[in-house]
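Per the UniProt record's numbering, the sequence shown starts with residue 1, numbered consecutively. Note that beta-carbon positions come from the ideal geometry of N, C-alpha and C, so glycine has one too. Computed from a prediction, not measured in an experiment: that's the story for all the values here. Heads up, the thing below is written out as structure tokens.
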Amino acid sequence: MAKWILVECFSGVPGKVIAFGATPKSFVPLRNIVRNPLSLADAEAALAQACRTREPVACVSTDGRRTVRAEPLLITPERAHAVRLWVGPVRESLPPREPVGAWYFNLTTNRSVRSVDLLDLYGVAPEDRAAEVAIAGAFTRLVTNRDESEALAKIVNSAPGTEHQAVWTVRRDDDALRAGHFACRIIIEPDADGHEEVLFRGVTQDIGAATAVPSAPPPMILEYQLLEASTAPGEYRAIMNLRSLQLIRWIGPPMPDIAWADLPGQPAPQIHPDDLVAAQAMSRELARHRTEGTVRLRRVDGGWQSVHVRAALMALDQHTTAGLATVTAV
């Protein structure tokens, strides 16, 4: 077989194929790719072992004709997110491996966790390699496609079993634009204390230069061009989760000096406790009309910044809404 197969194991066991070489696959059964029954049996055994032990597997089939390799992609030493699989003749050379990294959004705590492989894929410098950031930070280097509203709706709804796939453009830290294939699933898992958390587990695969992949979006889609063009100096726009009042993503540059990224050494993102009632009231009022008000946000220096917020309801899909907030310093 001339290409590596990428098999997800987001739910803890080998699942479906999400890529064949650099070609995305829509969660298809492995038997759709590996059709020989003997090869399929060897591949399934290697996948199960790699996912369980989180160690690479390299073996020869019982008839001595095939080599099977299974390489787990780890998000932590205790958990694999996917397995690279290759099955081929004993004498055949291994094909090149597409860069791929693992990540998950903890939708309960609003934090994003990235593997070392993903930071490599993004070209992140050693001094900037925080493994955990706010979920909004994950969008700062992504040029999303026209399915972004669908993806954001899934984050807001947080329904277990929900899956998503997309090809978005990744702007690496060296400014190279790469086509990134994203595949993920929402699951519920207990944390270390046994409390249930909602996690969006996924992988990102580099499938080529963005200019060479037709499905990769242009560096700026029209809707965001219009929003940025209508933003006055000193204004900053953000998409907010109306249920949790958490930032989902900035549209355009983030507001300076505000603690939103949840980086090491910075305060956690926070609305001043005395302003929470007012912020919740604004969220409820959006069901009827646009609203505005003043709240205090945590600054990166630990203080509080008063901001004026103008908010409008934003439809993500037919059943899901978010808040589009325009924020200015007071």
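Cβ distance (whole Å) where residue i is taken to contact residue j below 8 Å
i	j	result
K3	G21	3 Å
R290	A322	At roughly 14 Å, the Cβ-Cβ gap does not stay under 8 Å, so R290 and A322 are not in contact.
I258	R299	6 Å
I135	S11	Contact doesn't hold; Cβ gap of about 21 Å is too wide.
A80	C51	5 Å
V57	R65	Contact flag wrong, Cβ pair sits at about 17 Å.
F182	T204	5 Å
S283	L242	5 Å
V170	Y122	7 Å
W260	P269	5 Å
P99	D206	4 Å
D262	R54	Between R54 and D262 the Cβ distance is about 28 Å, and since that is not below 8 Å, they are no contact.
F27	F105	No, F27 and F105 are not in contact; Cβ-Cβ is about 19 Å, not under 8 Å.
V327	S306	Contact flag wrong, Cβ pair sits at about 11 Å.
Three-state class that DSSP yields for residue i in the structure shown
i	result
S283	helix
I5	strand
E78	coil
F139	helix
D206	strand
K25	strand
T162	coil
S149	helix
R31	helix
A58	strand
V198	strand
T231	coil
E127	helix
T211	helix
L119	helix
D274	helix
N- and C-terminal bounds of the beta strand (DSSP E) containing residue i
i	result
R249	247–251
N106	100–106
R114	111–114
V133	132–134
S306	304–315
Any C-beta of chain B under 8 Å from that of residue i
i	result
T328	Of the chains in the structure shown, none is chain B; there is only one protein chain.
Residue from the options whose Cα sits closest to the Cα of residue i
i	options	result
L38	L73, S61, P24, C51	S61
V156	G194, R84, S244	S244
S149	T326, T320, A329, T328	T320
I271	F200, T294, W86	T294
M255	A325, A210, V277, P273	A325
W86	V309, N241, A268, A19	A19
A315	I239, G202, P29	I239
P217	P267, V143, D173, T231	V143
P29	E8, A46, Q49	E8
A45	V83, E78, P77	V83
T67	G194, I207, L94	L94
G180	T231, I251, G202	G202
P72	W168, V13, E196	V13
R185	A151, L177, V167, E127	A151
T140	R249, P273, L118, T108	R249
T108	K25, P160, Q305	P160
E285	W304, R310, L297, D262	R310
R172	P126, G137, D120	D120
R97	G208, V34, E292	G208
S115	A48, P126, A125, G101	G101
E132	V113, E189, E92, P190	V113
V167	D174, R129, S215, P233	S215
For residue i, the residue or residues it bridges with in DSSP
i	result
W86	R69
R237	I251, T326
H181	V167, Q205
Q19	A quick correction: the sequence has Ala, not Gln, at residue 19. Paired residues: L6, P24.
P269	The partner list for P269 (beta bridge, DSSP) is empty, contrary to what the question assumes.
I188	V198
T321	A315
I258	R299
Alpha helix (DSSP H) segment containing residue i, residue limits
i	result
V295	Unbroken run through V295 is the beta strand (DSSP E), 291–298; no alpha helix (DSSP H).
T53	37–53
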